[in-house]
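Structure, as structure tokens:
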Amino acid sequence: MKSTTLALATFLLGTTTAIPSVVPVPLNPSGAASCVGWPSTQGAFKVQVSSSEDDAFNDFPIQPTTTTWGSSTLELLGANLLKSYRYAKAPYFCVNGELRVGASQETVGVSKDMRNAFPLLQVEDPESTYEIEVYAHEIDGVRQEGVFLGAQNKTTWGFNYVRPTCGAEGAGQNGFFQVKLLDLPVDEQYPPTAGYDPEFQGFLKLTVW
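Heads up: the sequence shown is residues -18 to -1, 1 to 191, going by mature numbering (1 follows the signal peptide of the UniProt record, and there is no 0).
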């Protein structure tokens, strides 16, 4: 709890910067069974927040977590408040053009619910998610440094804080920031449900370990 309190204090002291207006450029077409364009075709890499509207949030690691959503329990990716690399972090991999995470290399897809487009792990219905893709960013026609995650030519993500909870026999969860992809089109088969507007926005950047 102390580390979480310190992290939140850091946010309060942070400055606000407008997210840059970028043009996403696909580096590997959806469905391509290769890792062309990814930061590493064989080794592991990490996912971090980049160009956040909240400057104090930049470089925070994105990690698998579990949360409740209504009556359901979701496995998804979220922004981990334990920023220090003294804490173990799950690695990411590209496998046949797909984003995988952890030692078990679980698949990750973005929910087609455009109001709650969370990056979900091991979904039962693969048709309910978009494949996560890699993009470059251009500003005024100039290619920017880095490789970024997105889907459907969208790479801007929104962040909402989920407070820690206490449960029986220590079954609560630590505080973390939910991450969801913004500005996706409405999918008629998976229509949008009620969801929170993001507290701030940013990108998700891939970096080799």
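Each residue gets a CB set at the ideal place from its N, CA and C atoms; glycine is no exception. It should be emphasised that the depicted structure is a prediction, and the values quoted were computed from it without experimental measurement.
Straight-line gap, residue i to residue j (C-alpha atoms, nearest Å)
i      : j       : result
Gly84  : Ile114  : 16 Å
Trp20  : Ala133  : 14 Å
Thr50  : Thr(-2) : 31 Å
Gln24  : Thr189  : 13 Å
Val129 : Asn40   : 15 Å
Phe42  : Gln160  : 13 Å
Arg145 : Leu63   : 11 Å
Beta-carbon proximity list for residue i, same chain, < 6 Å, skipping 5 on both sides
i      : result
Ser16  : Gly79
Asp165 : Lys136
Ser34  : Asn40 and Gly184
Contacts around residue i, its chain only, beta-carbon distance under 7 Å, and the 5 residues preceding and following it disregarded
i     : result
Gln87 : Phe75 and Val77
Reference residue i; option with closest CA among the options
i      : options                           : result
Asn98  : Thr147, Leu63 and Leu58           : Leu58
Val5   : Gly177, Leu188, Gly123 and Gln171 : Gly123
Ala72  : Ile44, Met96 and Asn142           : Ile44
Gly184 : Asn142, Asp169 and Arg125         : Asn142
Pro108 : Gln171, Lys162, Leu163 and Tyr69  : Gln171
Val29  : Tyr178, Ser93, Ile1 and Gly60     : Gly60
Start-to-end residues for the beta strand (DSSP E) that takes in residue i
i           : result
Trp51       : Ile44 to Trp51
residue 193 : Coverage of the chain is limited to positions -18 through 191, which leaves residue 193 absent and any answer about it impossible.
Pro8        : Val5 to Pro8
Pro21       : Segment: none, Pro21 is in no beta strand (DSSP E) and carries neither H nor E.
Tyr172      : Tyr172 -> no beta strand (DSSP E), and no H or E assigned at all.
Ser93       : Glu88 to Ser93
Cys76       : Tyr74 to Val77
Phe39       : Taken as a continuous stretch (DSSP letters only), Phe39 belongs to no beta strand (DSSP E), as it is neither H nor E.
Residues of its chain near residue i, where Cβ-Cβ distance is below 8 Å and the 5 sequence neighbours each way are ignored
i      : result
Gln104 : Glu57, Glu88 and Thr89
Pro167 : Met96 and Gln134
Ala176 : Arg97
Jot down the residue ranges of each uninterrupted beta strand (DSSP E) in the stretch 83 to 133, minimum 3 residues, whole runs only, in chain order. List check, beta strand (DSSP E) in window: 88 to 93, 101 to 103, 111 to 113, 115 to 121 and 129 to 132.
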